[in-house]
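Numbering (UniProt numbering), first residue to last: 1 to 250.
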């Protein structure tokens, strides 16, 4: 009597990754796999220029983004020419919020692209799709916090405390923040104000800021951006190494 062979999940995963690696190994000699090279470099250059002055930013590597494309789709995938990055596609709600600028997108997207990368255009223009997905990856790797930002060109001025005033009330009425008021009046006890007291003030507001960046490592990208593919980090590392070896041999 014949019985069906039982294939363990581990052996099946190994077979899948082996077949995938074979396709990647042959990619260097196939021009179709280089289809996105020019747009990748233009996209990376634009983001690097825009984000260069943010704390801890390390220039995004074109090789890394190319490896992301190879890991997620590749030239044999049906969406290679329309949406080669699938990580963002797996979280369309998050991508739409990113494009609206409600989750840090307003800080990540270069100003010149803000009227180009819209929820409609990124579904119809493949190059915009790539730019949006790269931006979404960057957003997932950024560290954000809300901080007091002084108004551009804003001058320090004096205000006189009135009866019933509190530091919160003054900050609200003067278009300042409590944090800035505390910074400008280090010797004053702002928890116990009295009428006639003179305080320094400067207009400021609470805004979202980029405070740092997570390392662009395969595991972190897989966790924060990648799809549910359990082999994502393995694929990304392998694709990156193959592309780097190809560059060295060229």
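Glycine included, every Cβ here is placed at the ideal spot set by N, Cα and C.
- Put simply, of 47, 121, 78 and 79 the residue whose alpha carbon is nearest the alpha carbon of residue 96 is 121.
- Every beta strand (DSSP E) stretch that sits fully inside the stretch 98-168 and reaches 3 residues is listed by chain position as 142-150 and 157-160.
- Comparing alpha-carbon positions, the option among 201, 108, 61 and 186 lying closest to residue 176 turns out to be 201.
- Contact between the stretch 110-118 and the stretch 22-29 is absent: fewer than three C-beta pairs spanning the two stretches fall below 8 angstroms.
- At a Cβ-Cβ threshold of 8 angstroms, residue 151 and residue 204 count as neighbours.
- Per DSSP, the continuous alpha helix (DSSP H) segment holding residue 246 begins and ends at 232-249.
- Pairing residue 127 with residue 160, the inter-Cα distance amounts to about 56 angstroms.
- By the beta-carbon neighbour count (other beta carbons within 10 angstroms, threshold 16), residue 78 is exposed.
- If you compare the alpha carbons of 17, 72, 34 and 107 with that of residue 50, the shortest gap goes to 107.
- Bridge partners of residue 206 according to DSSP: 148.
- At least 8 angstroms separates the beta-carbon of residue 243 from that of residue 14.
- Partner residues in the beta bridge of residue 212, as assigned by DSSP, are 143.
- Contact between residue 233 and residue 222 holds, with the beta-carbon distance rounding to 4 angstroms and staying under 8 angstroms.
- Pairing residue 180 with residue 246, the inter-Cα distance amounts to about 53 angstroms.
- Only residues of its own chain outside the window of five on either side were considered, and among them 73 have a CB closer than 6 angstroms to the CB of residue 80, listed in chain order.
- Of the residues 143, 185 and 225, the one whose Cα lies closest to the Cα of residue 212 is 143.
- Membership of residue 184 in the alpha helix (DSSP H) is indicated by the continuous run 178-184.
- Minimum Cα-Cα distance from residue 48 among the listed residues 157, 207, 172 and 131 corresponds to 131.
- By DSSP's assignment, residue 201 forms a beta bridge with 157.
- Of the other Cβ atoms in all chains shown, 16 or more fall within 10 Å of the Cβ of residue 140; this residue is therefore buried.
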